[in-house]
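One structure is given here, and the rest of the page talks about it.
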Amino acid sequence: CGVATHAVGRLMQATACYRRHKGRYGQRRIGAVLSWNKKKAQRIMRLLGLKAKVRSKKAYRPQVIEETSKNILKRAFTADKAGDKWLTDVTEFKCTDGKLYLSPILDVFNREIVAYSLGRRANSKMVEQMLDKAFGRLKGQTPLLHSDQGVLYRTQAYRAKLAEKGIVQSMSRKGNCWDNAPMESFFGTLKVESFYQEGVLSVAELTKVIDDYIHYYNHERISLNLKKLSPVAYRTQLEQAV
Numbered sequence: 271c272g273v274a275t276h277a278v279g280r281l282m283q284a285t286a287c288y289r290r291h292k293g294r295y296g297q298r299r300i301g302a303v304l305s306w307n308k309k310k311a312q313r314i315m316r317l318l319g320l321k322a323k324v325r326s327k328k329a330y331r332p333q334v335i336e337e338t339s340k341n342i343l344k345r346a347f348t349a350d351k352a353g354d355k356w357l358t359d360v361t362e363f364k365c366t367d368g369k370l371y372l373s374p375i376l377d378v379f380n381r382e383i384v385a386y387s388l389g390r391r392a393n394s395k396m397v398e399q400m401l402d403k404a405f406g407r408l409k410g411q412t413p414l415l416h417s418d419q420g421v422l423y424r425t426q427a428y429r430a431k432l433a434e435k436g437i438v439q440s441m442s443r444k445g446n447c448w449d450n451a452p453m454e455s456f457f458g459t460l461k462v463e464s465f466y467q468e469g470v471l472s473v474a475e476l477t478k479v480i481d482d483y484i485h486y487y488n489h490e491r492i493s494l495n496l497k498k499l500s501p502v503a504y505r506t507q508l509e510q511a512v
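Mapping of the sequence shown onto the numbering used here: residues 271 to 512, in sequence order.
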């Protein structure tokens, strides 16, 4: 009788703890609160049919990581035409409700942001969305696409998408940000002229700010290196002259 009473007491303890935390605690936390080992907490939770309502966070792990690519670009940051050389990278922003990541593609020819994607996590999905948008801009070109050696650019899926379009991949040397200088320069410009000016924002607010700034940067912000024209105006002028 005493054993049964003790067992019922354990069940009641687990149930009370689970309800007190509104289902947020799983077996590890309930076990910790009640000073139970892992197996005991797991067994009792299973008996009661209790599961944490909040899914555990899973770390992002790309499926297949391949070797790095050669630095074909070699800091040749000039191009004779649009769609000849592209640069890409990811940058992080801190917001009031988490982080926001920006993944853009920059055309070396006129420093235009050809395509970009934003996400709460820097993962393959975000990069692939960026590629799909950029591919929609291609008109038969097969640009060289340069990045750093990050795992996002060494996944099998990423490389397969590039190969599908006949795009050659280039990578910076390890830990050398100067090999991707124009991309780093754009990130610095965006943060100085927009992000730092706005103050602390939520993810939703910052998403709109970045959307607005990239449109401004492409269509309105003049560059002294582009005959005092914006990137889009410069490209359009040359296309019309041909």
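Note that beta-carbon positions come from the ideal geometry of N, C-alpha and C, so glycine has one too.
Beta bridge counterpart(s) of residue i as assigned by DSSP
i	result
Leu415	Trp356 and Gln439
Phe456	DSSP, once it has assigned bridges, lists no residue as partnering Phe456.
His338	The sequence given here places Thr at residue 338; His does not occur at that position. Looking at the DSSP assignment, Thr338 forms no beta bridge with any residue, so it has no partner.
Phe405	DSSP lists no partner for Phe405.
Phe363	Leu370
Thr425	Ile335
Continuous beta strand (DSSP E) stretch holding residue i: start and end
i	result
Tyr371	Gly368 to Asp377
Leu388	Ile383 to Gly389
Close-in-space but distant-in-sequence residues of the same chain around residue i (CB under 7 Å, 5 per side omitted)
i	result
Phe405	Lys435
Pro332	Per-residue confidence for Pro332 stands at a pLDDT of 46, beneath the threshold of 50, marking its modelled position as unreliable; no derived number is given.
Ile492	Lys498, Leu499 and Ser500
Leu432	Leu415 and Gln439
Ile245	This structure cannot speak to residue 245, because the chain is shown only from 271 to 512.
Thr338	Gln419, Arg424 and Met441
Pro413	Gly353, Asp354, Lys355, Trp356 and Ile437
Cys447	Glu454
Start-to-end residues for the alpha helix (DSSP H) that takes in residue i
i	result
Asn488	Val473 to His489
Tyr504	Pro501 to Ala511
Ile492	Note, Ile492: premise wrong, no alpha helix (DSSP H); not H, not E.
Gly301	Gln297 to Val303
Ala346	Ala346 -> no alpha helix (DSSP H), and no H or E assigned at all.
Lys308	Lys308 to Leu318
Integer Cβ distance of residue i from residue j, believed to fall under 8 Å
i	j	result
Met396	Tyr371	7 Å
Leu376	Pro452	6 Å
Asp418	Asp359	6 Å
Leu476	Phe363	6 Å
Leu496	Asn380	6 Å
Straight-line gap, residue i to residue j (C-alpha atoms, nearest Å)
i	j	result
Ser373	Ser387	5 Å
Val460	Lys403	First, the residue type needs correcting, since residue 460 is Leu and not Val in the sequence shown. Cα-Cα distance, rounded: 20 Å.
Ser442	Lys308	46 Å
Leu357	Thr285	55 Å
Tyr330	His489	For Tyr330, the predicted structure reports a pLDDT of 48, less than 50, and the residue's modelled location is therefore unreliable. A value from the coordinates is still provided. Cα to Cα, Tyr330 sits roughly 36 Å from His489.
Thr348	Arg390	33 Å
Leu304	Gly368	32 Å
Tyr428	Cys365	28 Å
Tyr487	Glu454	15 Å
Gln510	Leu343	28 Å
Tyr288	Ile300	7 Å
Ala474	His485	17 Å
Phe456	Gly445	18 Å
Glu468	Val462	10 Å
Val384	Thr361	16 Å
Arg505	Glu336	35 Å
Own chain partners of residue i with C-beta closer than 6 Å, once the 5 adjacent residues on each side are dropped
i	result
Gly296	Ala322
Nonlocal neighbours in the same chain, by C-beta distance under 8 Å from residue i, ignoring five residues either side
i	result
Ala311	Ala284, Gln297, Arg298, Ile300, Gly301 and Leu304
Near the ligand GDP: residue i beta-carbon under 7 Å from a heavy atom
i	result
Glu454	Summarising the ligand content, the structure contains no ligands, and the ligand GDP is consequently not present.
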